[in-house]
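In order, the protein sequence lines correspond to chains A and B.
Following this note's numbering, the numbering of the first sequence begins with 288 at its first residue and continues without gaps.
Following this note's numbering, the numbering of the second sequence begins with 62 at its first residue and continues without gaps.
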Amino acid sequence: MHLDSIGFPAIAAAMIARFLPVWIALAAILLPSFKFRKRLGLYGQLLETGVGVAGLAICLFWLFTAVFADIIAPFDPLRQIVIMKNAAPGTIEPESGLPFILGGDRLARDVFSRVVFGSQIVLVIAPAATLFSLMVGTMLGLPAGYYGGRVDGVLSFLANLVLAFPVILLFYLLVTPGIRETAIPQWLGGVFLVFPIAFFVMLFWTRYASRPGLLAVQLGATLLIGGWIYAGLVFDADPLRIISIAPNELNIFVAVVFASSPGVFRIVRGLTMDIRTRDYIAAAQTRGESPWYIMLWEVLPNARGPLIVDACLRIGYTAILLGALGYFGLGLAPESPDWGTAIKESSRLLRADVHPALPPVMALMSFVLGLNLVADALREQSMKD
Amino acid sequence: MQSFIIRRLGVMALTMLCLTLIVFFLVNLEPNLRRLAISQMDMRASIEDQERWLERNGYRQNFLMRYGQWLGVLPKQPNLDAETGKAVPRFPYCREPASARFSGVLQGDFGCSTKFKVPVAQKLFPALGATGVLMFWVMAVMVPVSLIIGVLAGMREGSRTDRALSIASITTAATPEYISGVIFTVIFAFWLGWLNGSAASATHQGVTFHNFTLPVITMATYGTGYIARMTRASMVEVMAQQYIRTARLKGLSFRAVVLRHALRNALIAPFTVIMLQFPWLLTGVAIVEVMFRYQGFGFTLIEAASNNDIDLLLACSLISVFVVLVTQLVSDVGYAVLNPRIRVQ
């Protein structure tokens, strides 16, 4: 049976039209920020350089693609339309009359819709896992760098232990269906998720201990929200059923945090050791501030520059790790539309068809590139000061 | 310096002990043992049969005892046949001592691979050799290219060359192996038809330009960008030093300043970075070897891990951890040797 198709210019036009919500959102964010960039601090400085603007635009592009995925994607990413198996880009699906903009894959699913929905998986897990590993690494790195001595010795040994593991081996051991039958992911998750809660509790406690009224509100809110997320993620027992996570996603999440927090630990420890010798730390010590106040309110704010740059790079690195997990078929479901799984699926059949492989490849590459450009621009700006 | 190295070696031994214990624990989790039993037997074997298989092959002994036996600090007991009372090897394809004997990793016995049905050493060492060949070529491409890019970019900060090379290296640093592999295969193997899309023939028939270029450039791409960025940063820093200005002011040509005065000092930091690349290179090796079907260490590791081949996986992790720790040590010692300003006490 012959299927109609559209030519290359029409494909490009259809793609641009499909991304319309993203273009509008991009313009709505970038134009005002560009206009008021002088007043926007670090974020505004990012817009001073071409590299920064390009990086930010790419990151925001994928962010909005993930947000508006339901509107952008013309088809369900999992739906198989048998007639469209291995369809060339631009082939029109007869039933709906809409084109498969980037063609169909081996299982007759729309490649374009899969890439769009794949962005949701990457853009949820990568930043969230990075945020958690930042908090875990910070909560352990601050005391290690500040106290030194035995605390540092033990924590550094543990961090180096994890860092000496080749990442791929770690994932093969930690992300398996077998391990999900045991309680290990829950245990690890339970341990790691304590750190963010502890972080905020300590943050408020050290600063506002003299104002019990305010402190009570802050601690109450922290424990309520933290406990809610904790219950939802670790025990899958969110009373309101808003936060829930599939066992395989929890498994991936925990493994990524586990692999990535020792790196943060090392950076925070190094920065703390450096900042500890400054005069304002000595001044705070003389004032009689508690060690944790100094760590969280004196050291950490002064270490933020390198940490923000590292966080940008780390989100990209985590996206690469997620892709590698998908490539090896670990954790994510085989029909999942995430980019790594899509690359694995299509790279085995490159000899037959190239078109299903290139879109996820370009998507992952551009997203990581955007983050690297942002990190580079931020680093350049912080060098200037 | 000597006591520093000895202390480091002690920490290394402790790290390896801890890590192998963790790996040993993880591969011996109940679901993993079941998976092993199923893969070794008929798919329809009953739970009781699986249990009997695990029992017979010693997987139900005490965990720490087994770890001690694997390590070689406890004697390995021979496997006695219940009926005849004679010693029979657990796996027909591996020889085993007929009497109790210390025979573990410390004695050089890595055990038996259940996936490849050979002793581990027989599978592992040829694979390591194959990966050594791959690594040699990757390093031979990656190190000179990235150092040249880094030096050229950092030589004149902010120039057009710098901008172009920096963007290029940021781009390659955003391209992991499974992406560059796909792109290069599409371009060079299918569109242009210059290179072979698989390195399977390299394992047996030897390395040729056709079958080996794609794995090598795929692996080199990701690292090149990173090392080039580090070299650039280090070069920029060196070029801002007083002694460079002095050399310029006394009338030396720019070329002579860069080659004779800046280069040596600028290459200290990248040396450390290259050494610390090894843990990541192991991941890259696994991806590239699986993608191009090259039977090296990474391929073996993935096969061992996906089939829960306990002894082979333990040996693989031991070796990869050893490589990582040795390179860390070399990088620290090398840094002290290269940089006269740092003397380790």
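Ideal placement from N, C-alpha and C gives every residue a C-beta, glycine not left out.
Since residue i meets chain B, which of its residues come closer than 7 Å, beta carbon to beta carbon?
i, result
"A/M652", "A235, T236 and I240"
"A/D663", "I231"
"A/N696", "Since the first residue of chain A shown is 288 and the last is 672, residue 696 of chain A is not available in this structure."
"A/V655", "A235"
"A/N659", "I231, A234 and A235"
Strictly below 8 Å CB to CB, what residues from chain A border residue i?
i, result
"B/T344", "P453, V454, I455 and A611"
"B/C155", "The contacting residues do not exist; B/C155 stays about 23 Å from chain A at best."
"B/F251", "L637, R638 and V641"
"B/R96", "G465"
"B/V247", "L637, V641, A644 and L645"
Going by other Cβ atoms of all chains shown within 10 Å of its Cβ, with 16 needed for buried, is residue i buried or exposed?
i, result
"A/G428", "buried"
"B/Q338", "buried"
"A/D566", "exposed"
"A/A470", "exposed"
"B/L78", "exposed"
"B/V297", "buried"
"B/W252", "exposed"
"A/R574", "exposed"
"B/V405", "For B/V405, the predicted model reports a pLDDT of 48, less than 50, meaning its position is unreliable; a value from the coordinates is still stated below. So B/V405 counts as exposed."
"A/W349", "buried"
"A/F321", "exposed"
"A/D597", "buried"
"B/S64", "exposed"
"A/G436", "exposed"
Only counting the same chain, and skipping five residues up and downstream in sequence, which positions put a Cβ closer than 6 Å to that of residue i?
i, result
"B/R293", "G211, A214 and G215"
"A/I293", "G377 and P386"
"A/F399", "I388 and L389"
"A/L692", "In the structure as shown, chain A starts at 288 and stops at 672, and residue 692 of chain A therefore has no counterpart that could be examined."
"A/P430", "V438"
"B/F152", "C173"
"B/F249", "W255 and L256"
"A/G424", "S548, V551, F552 and V555"
"A/I370", "none"
Since I believe residue j is in contact with residue i (beta carbons under 8 Å), could you give me their beta-carbon distance rounded to a whole number of angstroms?
i, j, result
"B/F353", "B/S220", "Not a contact, Cβ separation roughly 38 Å."
"A/E585", "A/I607", "About 34 Å; that fails the 8 Å criterion."
"A/L445", "A/V551", "Not confirmed; about 13 Å, so no contact."
"B/T344", "A/P578", "Contact flag wrong, Cβ pair sits at about 38 Å."
"B/R162", "B/P136", "6 Å"
"B/L167", "B/L132", "6 Å"
"B/F358", "B/V346", "6 Å"
"A/G432", "A/T564", "With a Cβ gap of about 11 Å, A/G432 and A/T564 do not count as contacting."
"B/I209", "B/G286", "Going by Cβ atoms, the distance from B/I209 to B/G286 rounds to 13 Å, so no, they are not a contact pair."
"A/A546", "B/I348", "Contact flag wrong, Cβ pair sits at about 16 Å."
So, at 7 Å on beta carbons, what are the nonlocal neighbours of residue i in its own chain, with the 5 sequence-adjacent residues on each side left out?
i, result
"A/I602", "A413, P414, T417 and L658"
"A/P647", "V402, G405, W626, A629 and I630"
"B/K176", "E364, A365, N368, D370 and L373"
"B/W198", "F273 and V277"
"A/I595", "L665"
Examine chain D for any beta-carbon lying closer than 8 Å to the beta-carbon of residue i, and answer yes or no.
i, result
"A/I630", "Absent from the structure: chain D. Protein chains present are A and B."
Enumerate in chain order the residues of its own chain whose CB-to-CB distance from residue i is below 8 Å, with the five nearest sequence positions on each side excluded.
i, result
"A/G613", "L619, S623, D625, W626, G627, T628, A629, I630 and K631"
"B/R309", "F315 and V318"
"A/C599", "L658, N659, V661, A662 and L665"
"A/V504", "none"
"A/G331", "S320, F323, R324 and K325"
"A/E382", "I368"
If the cut is a Cβ gap below 9 Å, which residues of chain A does residue i touch?
i, result
"B/M352", "Y614 and S634"
"B/R121", "Those within 9 Å of B/R121 in chain A number zero; the least Cβ separation is about 17 Å."
"B/P340", "L450, A451, F452, P453 and V454"
"B/V362", "Note on residue identity: the sequence assigns Leu, not Val, to residue 362 of chain B. Near B/L362 (Cβ distances below 9 Å), the residues of chain A are P453, I455, L456 and Y459."
Run through chain A and tell me which residues come within less than 7 Å of residue i, C-beta to C-beta.
i, result
"B/N93", "G465"
"B/I244", "V648"
"B/A347", "I455"
"B/L256", "Chain A residues near B/L256: none, gap ~13 Å exceeds 7 Å."
"B/L90", "G465, I466 and T469"
Can you list the residues of chain B that residue i reaches, using a CB-CB cut of under 8 Å?
i, result
"A/V438", "What A/V438 touches in chain B: nothing, since even the nearest Cβ is about 17 Å away."
Going along the chain, which residues of the segment 456-487 of chain A sit with their C-beta nearer than 7 Å to a C-beta in chain B? L456, Y459, L460, G465, I466, E468 and T469
Cβ-based contacts, 7 Å cut-off: residues of the segment 371-388 of chain B near chain A: S378, S381, V382, V385 and L386
Report the residues of the segment 316-338 of chain B with a CB closer than 9 Å to any CB of chain A, ordered along the chain. none
If the cut-off is 8 Å on Cβ atoms, which residues from the segment 583-609 of chain A count as contacting chain B, listed in chain order? G603 and I607
For the segment 380-393 of chain A, list every residue whose C-beta sits within 9 Å of some C-beta in chain B, in sequence order. none
Anything in the segment 62-87 of chain B with a Cβ closer than 7 Å to a Cβ of chain A? List those residues in chain order, please. T76, C79, L80, V84 and L87
Could you run through the segment 342-363 of chain A and flag, in chain order, every residue whose CB is less than 8 Å away from some CB of chain B? none
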